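Read the structure below first, then the notes.
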Amino acid sequence: MELLNKLSEKLGLSTQEIAERLGLPENYKRIELLNSLGIYSIFETKEELTNYLNSKIVNKMEENEKLSKELELYTNQVESLAQETTKNKSRLMEVVEQEFNKISFLNSPTVDLLNIDELDFKNLNKSILKQAEKNNWKVAEAQPEKKDDKKEFAFYPKGVISTF
């Protein structure tokens, strides 16, 4: 191995002496030499180092590209959700405004003054009136509607009524 040859040159020892001192078997593999020296990895040639670095760079570039695509996907989802939220809020405000306009206020408050978070959408009218009272908005007294459900009813029996 080139590494062992270079070590023997620099240290002035034979390759066999170095192998014995490192505790390497006769037919050792590169990984055994590195482990005996406490080295994780070593590159014997410039080409090996270049190939290793290029492969790592390619892997990182692929990972960055994948993450960029994910980021773009999530950004699009966020934008889509923001648009949906805006539409829903707009529709919700239309409903609130319609209900708000059904109430006759004396001091002309606007819908914008309502706290949307405190509204109960199950009973919107009552909820708006509750906020009106809280904010001291004057509400015109609503005249109870007269229901003409009571129709005059008269019964005039004809004939003979008998009991059995």
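Just so you know, the numbering used here puts the end of the sequence shown at 149, numbered straight through with nothing missing.
Where a beta carbon is used, it is the ideal one built from N, C-alpha and C, also for glycine.
Fair warning: this is a prediction, and the values are worked out from it, not measured in the lab.
Check the DSSP bridge columns for Phe90 and list the partner residues they point to.
Answer by DSSP bridge pairing, in chain order: Val124.
Tell me which same chain residues have a C-beta within less than 6 angstroms of the C-beta of Leu109, skipping the five on either side of it?
Non-local beta-carbon contacts of Leu109 in its own chain, meaning distances under 6 angstroms to residues more than five positions away in sequence, involve Glu84 in chain order.
Assuming Leu19 is part of the alpha helix (DSSP H), what are its boundary residues?
If you look at Leu19, you'll find it in the alpha helix (DSSP H) that goes Arg15 to Leu22.
Is there at least one non-hydrogen atom of the ligand NAD closer than 8 angstroms to the beta-carbon of Ser89?
Absence of the ligand NAD from the depicted structure is noted, as is the absence of any ligand whatsoever, leaving it without description.
Should Thr42 go down as buried or exposed, given a rule of 16 or more other Cβ atoms within 10 Å for buried?
The amino acid occupying residue 42 in the given sequence is Ile; Thr does not appear at that position. Exposed.
With H, G and I counted as helix, E and B as strand and the rest as coil, what does DSSP make of Thr95?
Thr95 falls in the coil class under three-state DSSP.
Would you call the segment 89 to 105 and the segment 50 to 68 in contact, with 3 or more CB pairs under 8 angstroms?
no
Tell me which same chain residues have a C-beta within less than 7 angstroms of the C-beta of Ser(-7), skipping the five on either side of it?
Ser(-1), Thr0 and Ile3
Are Leu22 and Phe28 touching if we call contact CB-CB under 9 angstroms?
no
Using C-beta distances below 8 angstroms, list every residue in its chain close to Asn92, excluding the 5 sequence neighbours before and after it, in chain order.
Trp122 and Lys123
Can the beta-carbon of Leu18 be found less than 9 angstroms from the beta-carbon of Leu9?
Contact: yes.
Can you check which of these residues, Glu32, Asn44, Tyr37 and Lys74, is closest to Asp102 by C-alpha distance?
Lys74
With distances taken between CB atoms, is the gap from Leu104 to Val81 smaller than 9 angstroms?
yes
Rank Tyr13, Glu126, Asn39 and Lys(-9) by C-alpha distance to the C-alpha of Lys87 and give the top, closest one.
Glu126
Ordered along the chain, which non-local residues of its own chain (more than five positions away) have a Cβ less than 7 angstroms from that of Phe106?
Same-chain partners within the cutoff: there are none.
Can you tell me which of Leu(-11), Thr30 and Glu32 puts its alpha carbon nearest to the alpha carbon of Asn12?
Leu(-11)
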